[in-house]
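*Asks:* Just so it is clear: in the sequence shown, position 93 is 93 by the numbering used here, and no numbers are missing. Glycine included, C-beta positions come from ideal geometry on N, C-alpha and C. One structure coming up, written as structure tokens, with questions to follow.
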Amino acid sequence: MRQLIVKKLGQHCFEAKWQDAVMTMVGNVLATPLLPERQDLVLQAIGTDKRLNELEFCFPLAAVSAGSVREILHEQGFGELAASSLEFSVANGFLKGFIDLVFAHDGRFYLVDWKSNHLGSAPADYRHDRLQEVMLHERYTLQYLLYTVALHHYLAQRIAHYRYEDHFGGLFYIFLRGVSREHGPAYGIYHDRPEVRLVEQLGRVLVAV
């Protein structure tokens with residue numbers, strides 16, 4: 001792994017002195033359980049045949065308005081997000097993007113988004129309540145809802161008898177600077193699994209059929 005890190009640092013014009021820090025960060029991210037109740041759910045246990053890096057999605061976008069999205073968010077308990085200046089023009093065309101990582105574990109699929117935000121130097125700066133604030137302020141919550149809709153449709157097209165409740169395990173926003181094996185998943189890892197009703201409602205207003 002060190003050779004790969006040295007190569008990548010050089011490609012991005014970072015000095016060699018960062019090798020140890022990056023090694024530690026990568027080691028923590030790979031070895032820290034993603035969920036407190038699932039000590040076996042660690043990224044280093046996910047084989048290359050069980051993951052997709054930079055999964056691209058592209059689907060036809062319906063004529064969607066900010067009002068219709070806000071209404072759904074309010075109904076499904078995301079009122080704070082809906083009220084956070086969610087404004088855009090009526091859009092149509094295609095929605096295209098990339099999900100950093102999708103992996104499978106015990107028959108369920110998960111999505112991961114890497115975040116390098118510097119929230120502070122202490123572990124407490126990456127505790128769950130702080131991450132919730134950042135997720136809302138930076139609109140990451142809206143981002144992961146779009147990612148979930150995209151992955152939901154992707155899986156439905158590829159898995160026989162697909163059911164969201166059975167096959168989708170949730171999402172992780174991993175704040176790289178805050179993850180450590182010492183403190184476990186309580187710091188630096190944000191997890192959610194949106195209700196199927198919310199995902200399906202958003203899908204109906206976003207995806208053109």
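Buried or exposed: which applies to A156, given that a residue is buried once 16 or more other Cβ atoms fall within 10 Å of its Cβ?
*Replies:* The residue given as residue 156 occupies position 156 in the sequence shown. A156 is exposed by the Cβ-count criterion.
*Asks:* Kindly confirm or deny that the stretch 24 to 41 and the stretch 192 to 202 touch, where touching means at least three C-beta pairs closer than 8 Å.
*Replies:* No contact exists between the stretch 24 to 41 and the stretch 192 to 202.
*Asks:* In three-state DSSP terms, what is G169?
*Replies:* If you number the sequence shown from 1, residue 169 lands on position 169. In this structure, G169 counts as strand in the three-state DSSP scheme.
*Asks:* What are the boundary residues of the alpha helix (DSSP H) that includes E54?
*Replies:* As a working mapping, residue 54 is identified with position 54 in the sequence shown. Here E54 belongs to no alpha helix (DSSP H); instead the beta strand (DSSP E) covers R51 to V64.
*Asks:* Would you say W114 and I174 are within 8 Å of each other, going by their C-beta atoms?
*Replies:* Counting from one through the sequence shown, the residue named residue 114 turns up at place 114. Counting from one through the sequence shown, the residue named residue 174 turns up at place 174. Yes.
*Asks:* Pull up the distance between the alpha-carbon of G77 and that of E71, whole angstroms please.
*Replies:* Numbered from 1 along the sequence shown, position 77 holds the residue referred to as residue 77. Numbered from 1 along the sequence shown, position 71 holds the residue referred to as residue 71. G77 and E71: Cα-Cα distance of roughly 10 Å.
*Asks:* In this structure, does DSSP put Y162 in helix, strand or coil?
*Replies:* Along the sequence shown, read from residue 1 onward, the residue named residue 162 stands at position 162. Looking at Y162 - three-state DSSP - the assignment turns out to be coil, as it is neither helix nor strand.
*Asks:* Judging by CA-CA distance, which residue of R181, A31, P36 and Q3 is the nearest neighbour of D20?
*Replies:* Here residue 20 refers to the residue found at position 20 of the sequence shown. Of the listed residues, the one whose Cα sits closest to D20 is Q3.
*Asks:* Assuming L111 is part of the beta strand (DSSP E), what are its boundary residues?
*Replies:* Your numbering for residue 111 matches position 111 in the sequence shown. Its beta strand (DSSP E) spans residues R108 to K115.
*Asks:* Cα-Cα, which of T48, Y164 and C58 is closest to F98?
*Replies:* On the sequence shown, residue 98 is found 98 positions in, with the first residue counted as 1. With distances taken between Cα atoms, F98 lies closest to C58.
*Asks:* In whole angstroms, give me the CA-to-CA distance for H152 and M23.
*Replies:* Locating residue 152 in the sequence shown gives position 152, where the first residue counts as 1. Locating residue 23 in the sequence shown gives position 23, where the first residue counts as 1. Answer to the nearest angstrom: the Cα atoms are 34 Å apart.
*Asks:* With a threshold of 8 Å between beta carbons, is A62 in contact with chain D?
*Replies:* This model lacks chain D altogether; it includes just one protein chain.
*Asks:* Which word fits F103, buried or exposed, when buried means at least 16 other C-beta atoms lie within 10 angstroms of its C-beta?
*Replies:* Residue 103 sits at position 103 when you count from the first residue of the sequence shown. Buried, since its Cβ has 16 or more Cβ neighbours within 10 Å.
*Asks:* So the alpha helix (DSSP H) E129 belongs to, where does it begin and stop?
*Replies:* In the sequence shown, counting from the first residue as 1, residue 129 sits at position 129. Strictly speaking, residue 129 in this sequence is Asp, with Glu absent from that position. H128 to H137 is the extent of the alpha helix (DSSP H) around D129.
*Asks:* Note the first and the last residue of the continuous alpha helix (DSSP H) segment covering Y147.
*Replies:* The sequence position of residue 147 within the sequence shown is 147, counting from 1. Here the alpha helix (DSSP H) through Y147 covers Y140 to A156.
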